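Colleague:
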Amino acid sequence: MGGAPTVLNMIINAPSVDRRLLPGKVIVMTGAAPPPPHVLFKMEELGFNVTHSYGLTETYGPGTVCTWKPEWNSLPPHAQAKVKARQGLHHLGIEELDIKDPETMQSVPPDTKTRGEVMFRGNTVMNGYFKDSKATADAFKGGWFRSGDVGVRHPDGYIELKDRSKDIIISGGENISSIEVESVIYSHPAVLEAAVVGRPDDYWGETPCAFVKLKDDCNANADEIIKYCRDHLPHYMAPRTVVFGELPKTSTGKIQKFVLRQKAKDMGSLSRTSRL
Numbered sequence: 017m018g019g020a021p022t023v024l025n026m027i028i029n030a031p032s033v034d035r036r037l038l039p040g041k042v043i044v045m046t047g048a049a050p051p052p053p054h055v056l057f058k059m060e061e062l063g064f065n066v067t068h069s070y071g072l073t074e075t076y077g078p079g080t081v082c083t084w085k086p087e088w089n090s091l092p093p094h095a096q097a098k099v100k101a102r103q104g105l106h107h108l109g110i111e112e113l114d115i116k117d118p119e120t121m122q123s124v125p126p127d128t129k130t131r132g133e134v135m136f137r138g139n140t141v142m143n144g145y146f147k148d149s150k151a152t153a154d155a156f157k158g159g160w161f162r163s164g165d166v167g168v169r170h171p172d173g174y175i176e177l178k179d180r181s182k183d184i185i186i187s188g189g190e191n192i193s194s195i196e197v198e199s200v201i202y203s204h205p206a207v208l209e210a211a212v213v214g215r216p217d218d219y220w221g222e223t224p225c226a227f228v229k230l231k232d233d234c235n236a237n238a239d240e241i242i243k244y245c246r247d248h249l250p251h252y253m254a255p256r257t258v259v260f261g262e263l264p265k266t267s268t269g270k271i272q273k274f275v276l277r278q279k280a281k282d283m284g285s286l287s288r289t290s291r292l
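Heads up, the sequence shown is in the working numbering, so the first residue is 17 and it goes up one at a time.
1) Determine the contact status of N65 and V42, defining contact as a CB-CB distance below 8 Å.
2) Count the CB pairs spanning the stretch 218 to 226 and the stretch 30 to 47 that are closer than 8 Å, and state whether there are at least three.
3) Are P93 and F57 touching if we call contact CB-CB under 8 Å?
4) So A206 and K243 are in contact, right, with Cβ under 8 Å, and what is the actual spacing, rounded?
5) For L249, which residues from the same chain have a beta carbon less than 8 Å from its beta carbon, with the 5 sequence-adjacent residues on both sides left out?
6) Let me know the secondary structure DSSP gives L105 once reduced to three states.
7) Quick one: measure Cβ to Cβ for V23 and G269, integer angstroms, because I've assumed they're closer than 8 Å.
8) Is it buried or exposed, A95, if we count other Cβ atoms within 10 angstroms and call 16 or more buried?
9) Can you tell me whether DSSP reads L209 as helix, strand or coil?
10) Which residues does DSSP pair with K229 in a beta bridge?
11) Residues in the same chain with beta-carbon distance under 6 Å from G214, minus the five sequence neighbours each way, listed in chain order, please.
12) Who are the Cβ neighbours of H204 in its own chain at under 6 Å, not counting the five residues just before and after it?
See below:
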């Protein structure tokens, strides 16, 4: 079976009355958004074997697949979930895929930390955007299709997305990955869904704002979510604002961050007196 991470999240949080024993291991392919490791961990507990693939509409299907490595068998379950959440290795269907510095067009080293933009090239990449020559020219600047995704390459060649370039939160000169913050929030026992965007801040420029939907019959307040994040992340990465409620989604279950960014902007800027 296949489904976006939001679908997998619905499965792991299904009421006990709706659950059924699986007849055997069920193979699952997930994509459309980076899956939180906690969701993958819980899926494995239920008997699902999940593989993560990554691609875009513009590249006609998967560009990478996170192929399982035998040496990962010895890792603890939570560590296995973290490596499964990577985007993986170049798929044969794509002629060329690289992570490059968007300015110099040089490939980033496989050091797990140097960030660049994921780029594609080949005959399965689109020719351009319909009747939008400017968007097409911008997307293919430098001769490669620019995905808008920021990632790193690990020493074993596996790539890992850190964020969409437009979703990175720049706070006090530090780049904060919304994906990393969301992964921590998803692991909170009371949280069903979460999305993190930047909120204007008079002092820091912007700070993380978390939109959270709690599980039925579970309670948590903003201070608890913030403390939980501070216990698992550097303090500057923890949300300064937490908003509870439903999260807007597309018809395929992807969270609409552009809607949340506007909501955070409409909330106004945090004042200079609100400092870490």
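Backbone N, C-alpha and C define an ideal beta-carbon position, used for all residues, glycine too.
Remember, it's a predicted structure, so these values are computed and weren't measured experimentally.
Modeller: Once the coordinates are examined:
1) yes
2) no
3) yes
4) Going by Cβ atoms, the distance from A206 to K243 rounds to 13 Å, so no, they are not a contact pair.
5) E196, V197, V200
6) strand
7) 6 Å
8) exposed
9) Note on residue identity: the sequence assigns Glu, not Leu, to residue 209. Strand.
10) E209
11) I185, E222
12) Y244
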